[in-house]
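So the protein sequences, as listed, match chains A and B.
Take the first sequence: its letter number 103 is residue 102 in numbering that gives the first Met the number 0, and every next letter is one higher.
Take the second sequence: its letter number 73 is residue 72 in numbering that gives the first Met the number 0, and every next letter is one higher.
All C-beta atoms in this analysis are idealised placements derived from N, C-alpha and C, irrespective of residue type, glycine included.
One structure is given below, encoded as C-alpha cells.
2 protein chains.
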Amino acid sequence: MCEPIEFYFDFSSPYAYLASERVDDLAAKHGRKVKWRPMLLGVVIQKTGLPLLLNVPIKGEYSMRDILRSARYYDVTFNFPAKFPVSAVTPSRAYYWLHGQDCAKARTFAHATFRAYWVDGRDISDMAVVLDIAAALGVDRDALAAGMVTPEIKERLKVETDTALAKGMCGAPYFVVDGEPFWGADRLPQIEKWLTTGGF
Amino acid sequence: MCEPIEFYFDFSSPYAYLASERVDDLAAKHGRKVKWRPMLLGVVIQKTGLPLLLNVPIKGEYSMRDILRSARYYDVTFNFPAKFPVSAVTPSRAYYWLHGQDCAKARTFAHATFRAYWVDGRDISDMAVVLDIAAALGVDRDALAAGMVTPEIKERLKVETDTALAKGMCGAPYFVVDGEPFWGADRLPQIEKWLTTGGF
Chain A
0 MCEPIEFYFD FSSPYAYLAS ERVDDLAAKH GRKVKWRPML LGVVIQKTGL PLLLNVPIKG
60 EYSMRDILRS ARYYDVTFNF PAKFPVSAVT PSRAYYWLHG QDCAKARTFA HATFRAYWVD
120 GRDISDMAVV LDIAAALGVD RDALAAGMVT PEIKERLKVE TDTALAKGMC GAPYFVVDGE
180 PFWGADRLPQ IEKWLTTGGF
Chain B
0 MCEPIEFYFD FSSPYAYLAS ERVDDLAAKH GRKVKWRPML LGVVIQKTGL PLLLNVPIKG
60 EYSMRDILRS ARYYDVTFNF PAKFPVSAVT PSRAYYWLHG QDCAKARTFA HATFRAYWVD
120 GRDISDMAVV LDIAAALGVD RDALAAGMVT PEIKERLKVE TDTALAKGMC GAPYFVVDGE
180 PFWGADRLPQ IEKWLTTGGF
C-alpha cells in the first residue's frame, strides 16, 4: 500500500491541531505521505445532531482539561484561544487556492494557520489575518485575496467537505488509511500499528 | 504517590471492557493497585443530555467499527452481544456484596462478568446469569442472592454512582490517577506516562 493517508480537519479543532503536528512524521517513518484536506466541521456536527463538545455538560469541562493535558502529552505548544470556535472558511479557501499553485507552500501555510490560532490566538476567520499569514511565507497577498474567492475555490471547499462526509467523517481529525477510517488524535497509535502491520 | 488508581465503569460499556483487560497490568508495572468501581452510566448520560453513542448518526456507525478494531488493537477477545445495552444494576450490586466478603473474589467476578457479556454474549442483566457466573467461582448462590438486594448494597451502588459523577465522570471507562481524571480506554497511554513521570 502506498496511497497517501487522508487527513480531514477543521482549522478550529484543537485535536486536529495536535494531530497536525505529528501525523507527517508518523507517515514518513513508514514511507507514506499525508494528503491534508481542510473542511468545515460544522456540517458534520449538524448531521450528528450533537452540540459542540465543549458545550456538553460534564463532558465539556473534562474535555478542556483533556485538550490541555493532551497537548502536554504530545509535547505540542498550545494556548487555548480567547475566541473559540471560529469559522474556518477563509483559511480553508486560502489553502485550496495555494494548493493549486504550490502544494508544499500550502502545507506550510496550513501549519502556520494552525499555529497562528492555537499558539498565538490570532483570529484566523479574519481575511486580513489569513493574508498576513500567507504573506509571511512569501505568497502574493493580492493574488491570494483574488484567487480564494473564485467560484472554483468556493466549490472546492464544498466538495472536500462533502467528500469527508461521504467517507464517514464523524469528528476531527479524521484519517483514512488504506480505506480504514480513524477518528481522533488519540487514534495515531492505531494508525501506526496499521502502517506497521498492513492492517489488523 | 501510592494511592490506587480509581477505575469507574459500567459493565455494559465496550470500551470499559477493553480497559478492564489492561489496566491492572499497567498499574502493576508501576507498583500501583486499581480500585474497581462499577456504577450506572445511564445517570451520566442523562446529565450530559447526549444520546447513546451507537445511536448517534454517523458517529454510531464509526464507533461500532472503532470498537471492533480497538479490541483487535488491544488483542482482547471480543464479540458484540446481540442484546445491547443491558442494565448493569444486578452484576454491580453482586460486585459490591462480594467485595464486602472477599475483594479478590470480587475482582475475579468483575472480569468474569465483563467476559460473560463481551465474549459469550450472556445477558448479565439477568439475575440467574449473574448467580451462575458467581457460583462458577465458588460463591454461595443463596448468600449472594440474598446479600445483593439488601438496602445497604442498593445504597452502595447509588453512592458509588454519585461519587463517580462528583469526580466529573463523563463517560466510561473513567479513571482518576492522583486526582487527575482520564476518560476512555484510549487514555491508557497518557495514564502510563502519568505513572512514569509523576504527572505532566
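- Think of a sphere of 8 Å around the beta carbon of Glu-20(B): no beta carbon from chain A falls inside it, the nearest being about 16 Å out.
- Here DSSP, grouped into helix, strand and coil, assigns Val-22(A) to helix.
- Counting C-beta pairs with one atom in each stretch, the region 5-16 of chain B and the region 56-64 of chain A have fewer than three that are closer than 8 Å, which means they do not touch.
- Under the Cβ distance rule, Asp-24(A) does not count among the residues neighbouring chain B, no pair being separated by less than 8 Å.
- Contact between the region 114-125 of chain A and the region 177-190 of chain A is not established, with fewer than three Cβ pairs separated by less than 8 Å.
- Restricting attention to Glu-60(A), Val-75(A), Pro-50(A) and Thr-47(A), the CA atom closest to the CA of Arg-21(A) is found in Val-75(A).
- Counting along the chain, the unbroken beta strand (DSSP E) around Glu-5(B) starts and ends at 4-8.
- For the pair of segments examined, the region 106-120 of chain A was found not to touch the region 153-160 of chain A: the number of CB pairs separated by less than 8 Å stays below three.
- Within the same chain, Cβ atoms closer than 8 Å to the Cβ of Gly-30(A) are found at Cys-1, the five residues on either side in sequence being excluded.
- Take the alpha-carbon of Val-176(B) and the one of Ala-26(B): they are about 10 Å apart.
- Taking 8 Å as the CB threshold, Gly-146(A) stays off the interface with chain B.
- In the DSSP secondary-structure assignment, Tyr-173(B) is bridged to Tyr-7(B) and Trp-182(B).
- Chain-ordered, the chain B residues with CB closer than 7 Å to the CB of Glu-60(A) read Gly-167.
- Secondary structure at Lys-166(A): coil, using DSSP grouped into helix, strand and coil.
- In the structure shown, Val-33(A) adopts extended strand secondary structure according to DSSP, grouped into three states.
- The alpha-carbon separation between Asp-24(A) and Val-33(A) amounts to approximately 10 Å.
- Taking 9 Å as the upper bound on Cβ-Cβ separation, chain B lies near residues Val-43, Lys-46, Thr-47, Gly-48, Leu-49, Pro-50, Val-55, Pro-56, Ile-57 and Lys-58 of the region 34-58 of chain A.
- Lys-46(A) sits close to Pro-56(B), with the two beta carbons spaced by under 8 Å.
- Residues of chain A whose Cβ lies closer than 8 Å to the Cβ of Phe-6(B) do not exist, since the nearest Cβ in that chain is about 16 Å away.
- The region 42-105 of chain A contains, as complete alpha helix (DSSP H) runs of 4+ residues, the segments 58-73 and 88-100 (chain order).
- In the three-state scheme derived from DSSP, where H, G and I count as helix and E and B as strand, Phe-108(A) is classed as helix.
- Under the DSSP assignment, Ile-123(A) falls outside any alpha helix (DSSP H); it carries neither an H nor an E label.
- The closest CA to that of Leu-143(B), considering only Ser-19(B), Phe-79(B) and Ala-105(B), is found on Ala-105(B).
- A residue is called buried when at least 16 other Cβ atoms come within 10 angstroms of its Cβ; Phe-108(B) meets this threshold and is buried.
- Contact check for Ser-69(B) against Pro-172(B) fails: the beta carbons are separated by 8 Å or more.
- The region 131-147 of chain B and the region 182-199 of chain A do not touch, with fewer than 3 CB-CB distances between them shorter than 8 Å.
- Residue contact with chain A for Pro-180(B): present (Cβ-Cβ distance below 8 Å to some residue of chain A).
- In the structure shown, the three-state DSSP call for Val-148(A) is coil.
- Taking a beta-carbon distance threshold of 8 Å, Lys-192(B) counts as an interface residue toward chain A.
- Looking from the CA of Ala-134(B), the closest CA among Ala-93(B), Ser-19(B) and Leu-40(B) belongs to Ala-93(B).
- Annotation: Cys-102(A) to Trp-35(A) spans about 10 Å, alpha carbon to alpha carbon.
- The alpha-carbon separation between Leu-187(A) and Tyr-16(A) amounts to approximately 13 Å.
- The beta-carbon separation of Ser-19(A) and His-98(A), rounded to 15 Å, does not stay under the 8 Å limit for a contact.
- Of all residues in the region 123-143 of chain B, none is placed with a Cβ closer than 8 Å to any Cβ belonging to chain A.
- Taking all protein chains in view, the Cβ of Ala-87(A) is crowded by 16 or more other Cβ atoms within 10 Å, so the residue is classified as buried.
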